[in-house]
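Residue numbers for the sequence shown, in mature numbering (1 follows the signal peptide of the UniProt record, and there is no 0): -20 to -1, 1 to 128. In what follows, a single structure is set out as structure tokens and then discussed.
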Amino acid sequence: MQKTILGIFLLFLTAQFTFAQDVQQKKEIIELSKTKWLWMENKEADKLAELFDDKSVFVHMGGSWGKEREVNIIRSGGIWYKKADIHEVSVEIIDNTAILLNRITLLAEVGGNEVTNPFEVTEVYIKKADGWKLGSLSFTKLMGPADR
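So this is what it looks like as structure tokens:
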């Protein structure tokens, strides 16, 4: 009987620890995403280059490309992410992968023209030995306001 009670107690503690760890990882990813938006706003291409995995992919309304082109576009000002107003955030953790969804209104300058668009942004992060790396950033334009 004591072994059964001890086993249930240990199972409960393990579940509590796993839940707390999951909550902490989700908070960490949300903060990393917010920091990424600030780096994009401030055109901090070198910090972004460290965050982006070498095999990362980026999907925009005008096409898709890899890390080098994304960093160069940000560095040159080809796309200037001036302000991302974040309306909703959710994160799911699957093993060493985090999938973050942001519902945003993005104020950007693209090719010298200022534009505002509502997007659902999908960010995929992979946990590596040296921390979380962004593996994918994908913009899906919404048909209505982003804050619905």
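Ideal Cβ positions, reconstructed from N, Cα and C, are used throughout, including at glycine. Just so we're clear, the structure is a prediction, and the values are computed from it rather than from any experiment.
Selected residue, minimal CA-CA separation from residue i, among the options
i           : options                          : result
Asp2        : Lys47, Phe119, Leu28 and Ser70   : Ser70
Val101      : Asn93, Gly92, Asp110 and Leu86   : Leu86
Met74       : Leu28, Val51, Gln5 and Phe38     : Per the sequence shown, the amino acid found at residue 74 is Ile instead of Met. Closest option to Ile74, Cα to Cα, is Gln5.
Leu81       : Leu28, Lys14, Thr(-17) and Gly46 : Lys14
residue 135 : Thr(-17), Ala25, Ile10 and His40 : Nothing in the structure corresponds to residue 135, since the chain is present only between -20 and 128.
residue 153 : Asp110, Ala109, Lys108 and Phe99 : Summary: the structure shown does not reach residue 153, with the chain confined to residues -20 through 128, and so no result is reported for it.
Ala29       : Glu11, Glu50 and Ala78           : Glu50
Ser56       : His67, Ile79, Asp26 and Ala78    : Asp26
Ile54       : Asn97, Lys(-18), Gly92 and Ile10 : Gly92
Ala78       : Glu11, Ala88, Trp45 and Val90    : Glu11
Gly42       : Val90, Glu48 and Glu68           : Val90
Met123      : Lys108, Ala109 and Ile84         : Ile84
Same chain, Cβ closer than 6 Å to residue i, five either side skipped, listed in chain order
i      : result
Gly115 : Asp33, Ser36, Val104 and Ile106
Glu72  : Ile79
Own chain, CB closer than 8 Å to residue i, minus 5 neighbours either side, in chain order
i     : result
Glu8  : Trp112
Glu94 : Lys62, Leu87 and Ala88
Beta strand (DSSP E) segment containing residue i, residue limits
i     : result
Glu24 : Segment: none, Glu24 is in no beta strand (DSSP E) and carries neither H nor E.
Asn97 : Asn93 to Lys108
Gly46 : Gly43 to Gly46
Strand pairing of residue i, partner residues [DSSP]
i        : result
Arg83    : Glu68 and Glu100
Leu122   : DSSP output for Leu122 lists no bridge partner at all.
Leu117   : Phe38 and Glu103
Val90    : Ile59 and Asn93
Trp112   : Lys107
Thr(-17) : DSSP lists no partner for Thr(-17).
Ile53    : None, per the DSSP bridge assignment.
Ile74    : Thr77
Beta-carbon proximity list for residue i, same chain, < 7 Å, skipping 5 on both sides
i     : result
Leu31 : Lys16, Lys113 and Leu114
Ser44 : Val37 and Phe38
Legend entry - Meets three-Cβ-pair contact criterion under 8 Å: the segment 13 to 21 and the segment 60 to 73: Three or more Cβ pairs drawn from the segment 13 to 21 and the segment 60 to 73 lie within less than 8 Å of each other, which places the two stretches in contact.
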